[in-house]
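Have a look at the structure below before the remarks.
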Amino acid sequence: MSKGGAQKGKECSEIGLMHVAIFLNDIFTEYSSKDGNPATLSKSECMQLIQERMTGLCDKNVDPKKLQTIMDVMNTNKDTEVDFMEFMIFFVKITALVHGMPMDKVTQ
Ligand SMILES: [Ca+2]
Ligand SMILES: [Ca+2]
577 MSKGGAQKGK ECSEIGLMHV AIFLNDIFTE YSSKDGNPAT LSKSECMQLI QERMTGLCDK
637 NVDPKKLQTI MDVMNTNKDT EVDFMEFMIF FVKITALVHG MPMDKVTQ
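Under this note's numbering, the residue at position 12 of the sequence shown is numbered 588, and the numbers go up by one with no gaps.
If you want it as C-alpha cells, here you go:
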C-alpha cells in the first residue's frame, strides 16, 4: 500500500482512517525494530514507546510502576513482549474509552 498520494474520488474520512492505520503500523515498527526483532516490542521498547508516544497516558517522568501496568494491559498473553495484535487491541480499547464506553465494558 502506498503511503502517499490521496486517491482521487475517495472521501476525506476514508483517507483519514487509512492514515491512522498507517501511522499506528509505522509507530509500532519504529519502536519494535530497535532491538533487531521487529515482530514484537520488548519491555524496553514498549516502555520507550509509551513514554514518547502515549503522552495522554503519561509523560517522561512517569512512575515506572505505572509504565509496567500499561505494558501489562497491552501484553494480554502475559509473555515478555507485546506483539502487533496486542498493540492494536490496546488501541481498540483506548478508542472505546474515548468513545465513552465504560471501563468495565472495555476491560472485560
Ligand atoms: Ca523488538
Ligand atoms: Ca505478549
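Ideal placement from N, C-alpha and C gives every residue a C-beta, glycine not left out.
- Short note on ASP659: C-beta closer than 7 Å to some heavy atom of ligand 2.
- Boundaries of the alpha helix (DSSP H) around LEU625: 619-629.
- Residue side-chain check: GLU621 keeps its Cβ at 7 Å or more from all non-hydrogen atoms of ligand 2.
- MET677: not part of any alpha helix (DSSP H); DSSP gives it neither H nor E.
- In the structure shown, the three-state DSSP call for THR605 is helix.
- With distances taken between CA atoms, ALA615 lies nearest to THR656 out of THR656, THR683, ALA672, ILE591.
- Straight-line measurement puts the Cα of LEU593 at about 26 Å from the Cα of MET623.
- Remark: the C-beta of LEU625 is outside contact range of ligand 1, defined as less than 7 Å to any heavy atom.
- Taking the Cα of GLN644 as reference, the smallest distance to any Cα among VAL668, LEU625, VAL674 is reached at LEU625.
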